[in-house]
Amino acid sequence: MLDKRQWQRLDVDLSAVCSCSSLPKEKFSLRVININETGTCCVVPLGLKLGQKISFEMELPGRGIVRAVMKVVWSGYFEREGEYRAGLKIVEMPDHVLGVFLAYYRSHFLRHGI
Numbered sequence: 007m008l009d010k011r012q013w014q015r016l017d018v019d020l021s022a023v024c025s026c027s028s029l030p031k032e033k034f035s036l037r038v039i040n041i042n043e044t045g046t047c048c049v050v051p052l053g054l055k056l057g058q059k060i061s062f063e064m065e066l067p068g069r070g071i072v073r074a075v076m077k078v079v080w081s082g083y084f085e086r087e088g089e090y091r092a093g094l095k096i097v098e099m100p101d102h103v104l105g106v107f108l109a110y111y112r113s114h115f116l117r118h119g120i
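To convert, take the position in the sequence shown, counting from 1, and add 6; that gives this note's numbering.
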């Protein structure tokens with residue numbers, strides 16, 4: 007079976023703090039398990055709604071904190087792992103922050119010749 011993904015995933019284990027646009031003062035933590043050039047896959051504490059926008063803040067090791075507005079593009083319960091996961095797409099991120107995010111992502115593949 008061919009993988010239809012456009013961007014290669016980089017497996018990570020990072021923490022992020024988020025808030026939903028509907029409840030901006032209610033913060034929750036999630037675990038980022040992979041990133042690509044357009045977003046992240048995360049383990050989330052609850053199911054998130056498709057299309058929902060969230061404020062997202064994550065520290066990239068050696069690169070600093072990145073902040074973005076992300077949109078939920080898929081969400082579901084993974085029975086085997088016993089957890090909710092969501093795909094989050096970057097919809098708003100300042101250019102200089104996007105540069106940091108992409109440099110972190112791409113540096114892994116350059117180091118490993120992928």
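Even for Gly, the Cβ is constructed at its ideal location relative to N, Cα and C.
(request) Whole angstroms is fine: what's the gap from Glu32's alpha carbon to Cys47's? (result) Distance between the alpha carbons of Glu32 and Cys47 is about 21 angstroms.
(request) Throw me the rounded Cβ distance for the Lys55 and Val78 pair, which I believe falls under 8 angstroms. (result) Going by Cβ atoms, the distance from Lys55 to Val78 rounds to 6 angstroms, so yes, they are a contact pair.
(message) Contact defined as beta carbons within less than 8 angstroms: I believe Asn40 pairs with Arg15. What is the distance between those atoms, to the nearest angstrom?
(response) Contact annotation, Asn40 with Arg15: C-beta distance approximately 4 angstroms; criterion of less than 8 angstroms satisfied.
(message) I'd like to check one pair, Val75 with Lys59: are the Cβ atoms closer than 8 angstroms?
(response) Yes, these two residues count as a Cβ contact at 8 angstroms.
(request) Figure out for me which residue from Lys95, Ser35, His102, Glu65 has the closest Cα to the Cα of Pro42. (result) For the record, residue 42 in the displayed sequence is Asn; it is not Pro. Sorting Lys95, Ser35, His102, Glu65 by C-alpha distance to the C-alpha of Asn42 places Lys95 at the top.
(message) Whole angstroms are fine: how far does the CA of Ser25 sit from the CA of Met7?
(response) Because Met7 sits at a pLDDT of 41, beneath the cut-off of 50, its placement in the model cannot be relied upon, and the following sentence gives the value as read from the coordinates. Taking the straight line joining both Cα atoms gives about 36 angstroms.
(message) Can you give me the C-alpha to C-alpha distance between Gly68 and Gly88, rounded to a whole angstrom?
(response) Taking the straight line joining both Cα atoms gives about 31 angstroms.
(message) At the level of alpha carbons, what is the spacing between Phe107 and Leu66?
(response) If I take the Cα positions, the gap works out to 8 angstroms.
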